[in-house]
Ligand SMILES: Cc1cc2nc3c(=O)[nH]c(=O)nc-3n(C[C@H](O)[C@H](O)[C@H](O)COP(=O)(O)OP(=O)(O)OC[C@H]3O[C@@H](n4cnc5c(N)ncnc54)[C@H](O)[C@@H]3O)c2cc1C
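In this note's numbering, the protein residues as written are 16 to 467.
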């Protein structure tokens with residue numbers, strides 16, 4: 016049975032995280048009556064004892080829908096542009112590797128502030144109601160019903176024309192879908208976890224490091240990164256294996272932690288004077304990849320992390336969730352029924368979610384290991400020559416993923432093909448024996464054959 020889409024339809028969103036709050040604004044502007052049910056208290060008014068100070072990289076796909084919704088200008092005021100990577104190798108000056116053209120940047124933004132901002136904007140819309148401490152618990156797909164529990168544990172029955180599960184990686188709606196026939200589900204934890212540190216402002220009150228880049232300390236099997244915050248601190252994240260010699264379980268005593276930092280991050284010892292107590296007291300969190308199919312059941316839809324949780328190494332989890340919202344709205348323009356819309360959206364989007372999930376895992380290897388590898392640096396140099404020569408249809412993979420709207424699956428396919436061509440190009444000359452002035456000519460000649 017088709018559930019026709021009508022203006023004024025009541026729709027329910029579970030989860031007022033980043034994706035749910037943005038989605039509510041977009042749906043309300045289409046004339047729907049939106050109800051959001053969020054299991055936590057309103058994060059704008061309650062102090063969370065263990066709220067993570069996580070900050071996120073917001074890039075083109077996220078900005079695009081924020082711009083379309085008229086939210087980008089205000090958000091730019093609380094975001095800091097990062098134009099490239101600043102790579103820290105022990106005993107050397109940090110090296111700047113631009114992300115793309117000189118004006119292309121990703122933006123560091125606090126997840127907490129972004130979520131508060133989106134909730135404020137959602138509340139300004141006249142046809143959105145937000146219920147906090149209202150936890151989605153049960154769903155009846157065939158009856159178009161759901162049940163939420165309030166803080167006292169009392170259940171309330173919700174009827175609506177459409178239901179959206181933007182309730183994150185451990186989605187309650189997805190668990191219910193898993194009980195249905197032919198639902199596919201895959202969940203993988205990587206062997207690394209993460210721990211956060213804060214670099215305080217420098218003694219002169221300024222940022223202690225350059226604030227226009229994303230700092231990386233690549234150490235092959237692990238890495239530290241740092242993103243700037245508006246209050247002149249940096250949030251650092253150590254991605255480290257759970258087990259093994261160099262790991263969270265292997266480095267535990269005061270002595271081990273000191274020796275480890277002295278060897279691997281000597282500059283951070285000065286920048287984070289209390290690194291020892293931060294290491295000992297900050298929690299370790301795990302990183303999960305979740306794939307599932309389908310994302311829809313009748314008029315119920317999973318969206319954002321609930322549909323596709325990915326590791327953070329391409330900085331795309333939230334960006335992909337925001338792009339979900341844009342693509343869903345585009346499909347809505349010609350959709351007649353909610354179930355038809357959800358099925359179309361899922362079919363169109365799934366391959367892209369799978370692609371960014373795989374790309375994010377690949378990028379971890381690039382960030383922690385390859386960016387300091389001479390072979391990788393050589394290939395990047397060759398690629399920058401290709402770009403400067405204006406070779407048709409060649410766009411670096413990072414640019415396709417981060418600074419374009421090209422579907423992730425196409426970015427993945429084209430990126431892999433380009434990587435293959437670069438590998439061939441690398442083998443055709445002893446590039447390091449040539450004068451760099453000769454490179455462009457040689458590259459152009461070889462590409463006539465390799466990239467006709
Ligand atoms: C360390 C780290 C770094 C990251 N860095 C980046 C980055 O640089 N760039 C980027 O794009 N992405 C990044 N991400 C990913 C990004 O944080 C997520 O993709 C994004 O938060 C997903 O948004 P969401 O709204 O789908 O889910 P969430 O943000 O998880 O929100 C889900 C909401 O649903 C609520 N909820 C849960 N269960 C229920 C229930 N039963 N009933 C009602 N409400 C419920 C939760 O309380 C929450 O408010 C990073 C993630 C991590 C862990």
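For glycine and all other residues, C-beta sits at the position ideal for the given N, C-alpha and C.
Residue i beta carbon near ligand 1 (any heavy atom closer than 7 Å)
i	result
residue 27	no
residue 126	yes
residue 344	no
residue 72	yes
residue 146	no
residue 230	no
residue 117	no
residue 252	yes
residue 56	no
residue 208	no
residue 184	yes
residue 52	yes
residue 34	yes
residue 181	yes
residue 426	no
residue 69	yes
residue 331	yes
residue 99	no
residue 265	no
Run of the alpha helix (DSSP H) containing residue i, from where it starts to where it stops
i	result
residue 425	423-443
residue 399	389-403
residue 461	451-465
residue 96	Counting along the chain, residue 96 falls outside any alpha helix (DSSP H), though it belongs to the beta strand (DSSP E) covering 95-97.
residue 353	353-383
residue 127	126-139
residue 416	412-417
residue 33	33-44
Pick from the options that is closest to residue i, judged by C-alpha positions
i	options	result
residue 135	286, 35 and 232	35
residue 109	323, 282 and 391	282
residue 86	25, 312, 41 and 239	41
residue 51	224, 313 and 175	175
residue 407	392, 204, 391 and 429	429
residue 188	245, 463, 160 and 453	160
residue 100	241, 388, 394 and 369	241
residue 142	204, 83, 22 and 195	22
residue 116	418, 221 and 128	418
residue 329	48, 39, 76 and 358	76
residue 470	279, 48, 95 and 55	The chain is shown only over 16 to 467; residue 470 falls outside these bounds and no answer can be derived.
residue 45	343, 454, 153 and 400	343
residue 104	436, 389 and 339	389
residue 301	382, 205 and 71	205
residue 459	409, 277 and 236	409
residue 39	337, 350 and 358	337
residue 464	455, 440, 396 and 451	440
residue 253	246, 245, 263 and 259	263
residue 154	16, 88, 173 and 80	173
Buried or exposed (CB count within 10 angstroms, at least 16 for buried), residue i
i	result
residue 449	exposed
residue 13	Absent from the model: residue 13. The displayed extent of the chain is 16 to 467, so no value can be given.
residue 59	exposed
residue 65	With a pLDDT of only 49 at residue 65, under 50, the local geometry of the prediction cannot be trusted, and no value is derived from it.
residue 295	exposed
residue 226	buried
residue 412	buried
residue 194	exposed
residue 290	buried
residue 191	buried
residue 111	exposed
residue 114	buried
residue 209	buried
residue 339	buried
residue 284	exposed
residue 243	buried
residue 197	exposed
residue 467	exposed
Host beta strand (DSSP E) of residue i (start-end)
i	result
residue 154	150-155
residue 213	199-214
residue 293	Residue 293 -> not in any beta strand (DSSP E); alpha helix (DSSP H) instead, spanning 290-296.
residue 239	238-243
residue 232	229-233
residue 170	170-174
residue 52	48-52
residue 347	Residue 347 -> not in any beta strand (DSSP E); alpha helix (DSSP H) instead, spanning 332-347.
Chain C contact for residue i (CB, 8 Å cutoff)
i	result
residue 284	Among the protein chains of the structure shown there is no chain C, as only one such chain exists.
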